[in-house]
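Heads up, the sequence shown is in the working numbering, so the first residue is 355 and it goes up one at a time. Beta carbons: idealized from backbone N, C-alpha and C, even for Gly.
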Amino acid sequence: MFSPIEEKNISRALISEYYAQFIEATDSDVLIIGSGPSGLVAGRLLAKEGYRVVIVERNNYLGGGMWIGGFLMNKATMRAPTDKMLKELNIPHKEMTKGLFVCDTAFFASRLIHSACEAGVTILSMTIVEDVIVKHKKVCGLVINSTPVTMLPKMITCLDPILLESKLVIDASGHDSVAVRLLSKRGLLTIKGMGALDVEVSEDLLVEKTGNLFPGLLAAGMSVSETYGLPRMGPTFGAMLLSGEKVAKLAMQELQGLSCQKAI
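Right, dumping it as structure tokens:
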């Protein structure tokens with residue numbers, strides 16, 4: 355029934371393809387921290403325009419909090435005008451009240467993941483961000499390591515990290531706000547922490563504040579809320595999608611500007 359195979363060829367296929375991808379990931383146009391909705395949307399849009407995009411994800415699954423929804427219920431809500439993106443990605447949804455839509459989280463997450471991968475985004479899963487690379491007062495890459503390393507006692511492991519360079523970094527790591535907090539520890543940024551819940555205010559503000567935080571660093575999604583102290587929004591994902599869309603457009607503008615400077 356199946357083709358004949360030598361076991362060593364299975365290993366060779368896995369190793370060669372993985373490390374070929376890893377080598378390519380060391381030099382990209384955009385590094386995105388986190389594969390939640392804002393990170394996936396941003397990665398998809400940038401990759402579709404031909405930019406080399408790498409998403410660094412600490413877990414062994416993609417999608418962040420999209421899979422669960424509120425109170426462990428596998429449904430997600432979004433407000434208009436986000437339904438335009440649901441239609442674009444062919445995600446089935448239902449209008450519950452005027453301007454409020456609900457969809458299945460498995461459909462939601464899998465569509466976003468598929469669309470990002472299909473666009474050409476490279477994913478490094480089970481990978482943590484230990485630090486940022488800062489040169490000439492500009493973020494220009496990430497210091498990464500294997501997630502399992504953080505789970506081992508220090509006495510039996512001391513594994514040096516790997517370095518990834520990029521033209522831009524997008525912090526889409528959600529409440530962790532990884533890059534923002536790393537810069538905050540060094541006094542380069544201030545992080546206020548998320549405020550109390552107010553859905554109507556929070557989603558508009560999150561999209562409005564999405565953008566540049568530091569030379570070479572942009573933020574999207576809940577990293578924006580954590581940085582500016584915006585109200586939390588609870589179990590609704592519309593702002594995540596529009597924040598990812600906005601940060602991708604801003605990143606493209608910066609990348610185009612860098613290309614023009616290099617040409618001159």
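Need the endpoints of the beta strand (DSSP E) that residue i sits in, please.
i    : result
L522 : I516 to D525
L543 : Counting along the chain, L543 falls outside any beta strand (DSSP E), and DSSP gives it neither H nor E.
K489 : T481 to K489
S382 : D381 to I387
Run through the DSSP bridge pairs and tell me what residue i is partnered with.
i    : result
G565 : A573
N444 : According to DSSP, which records beta bridges pairwise, N444 is partnered with nothing at all.
F462 : According to DSSP, F462 bridges with nothing at all.
R433 : L454
I477 : I409
K492 : K489
G549 : P585
V497 : D485 and L517
E449 : F455
Taking only three categories from DSSP, how would you classify residue i?
i    : result
R412 : coil
N363 : helix
L368 : helix
P502 : helix
E554 : helix
E403 : coil
G598 : helix
G611 : helix
G588 : coil
G423 : coil
P358 : coil
S531 : coil
P391 : helix
G418 : helix
Tell me which same chain residues have a C-beta within less than 8 Å of the C-beta of residue i, skipping the five on either side of it?
i    : result
F591 : P391, M420, A430, T431, M432, T436 and F462
G583 : K546, G547, M548 and G549
N428 : W421, I422, D458, T459 and A460
A401 : V407, A470, A473, G474 and V475
L609 : D383, V384, Y405, K521 and L522
Using a Cβ-Cβ cutoff of less than 6 Å, which residues in the same chain neighbour residue i once the five nearest sequence positions on both sides are dropped?
i    : result
M548 : S579, E580 and R586
V532 : I387 and V483
I487 : C494 and G495
M439 : L595
N499 : I482, E484 and P515
M355 : none
E630 : With the chain running from 355 to 618 in the structure shown, residue 630 is simply not present.
Evaluate residue i with the Cβ neighbour count: other Cβ atoms within 10 Å of its Cβ, from every protein chain shown; 16 or more gives buried, anything less gives exposed.
i    : result
F619 : A question about residue 619 goes unanswered here, because the residues of the chain that appear run from 355 up to 618.
L537 : buried
R465 : buried
I377 : exposed
M576 : buried
K521 : buried
E599 : buried
V395 : buried
V668 : No statement about residue 668 is possible, as the shown extent of the chain runs from 355 to 618 and does not include it.
I369 : exposed
D381 : exposed
Any heavy atom of the ligand COA within a distance shorter than 7 Å of the CB on residue i?
i    : result
V555 : For the ligand COA, the structure offers nothing, since it holds no ligand at all.
Step through the CB atoms of chain B and report whether any lies within less than 8 Å of the CB of residue i.
i    : result
G404 : Among the chains of the structure shown, chain B does not appear; only one protein chain is present.
Tell me which residues share the same chain as residue i and place their Cβ nearer than 7 Å to its Cβ, disregarding the 5 neighbours each side in the sequence.
i    : result
L454 : T431 and R433
E449 : F455
S597 : S392, L560, V561, T564, A574, G575 and V578
L399 : E599 and A602
V553 : M587, G588 and T590
K492 : P569 and G570
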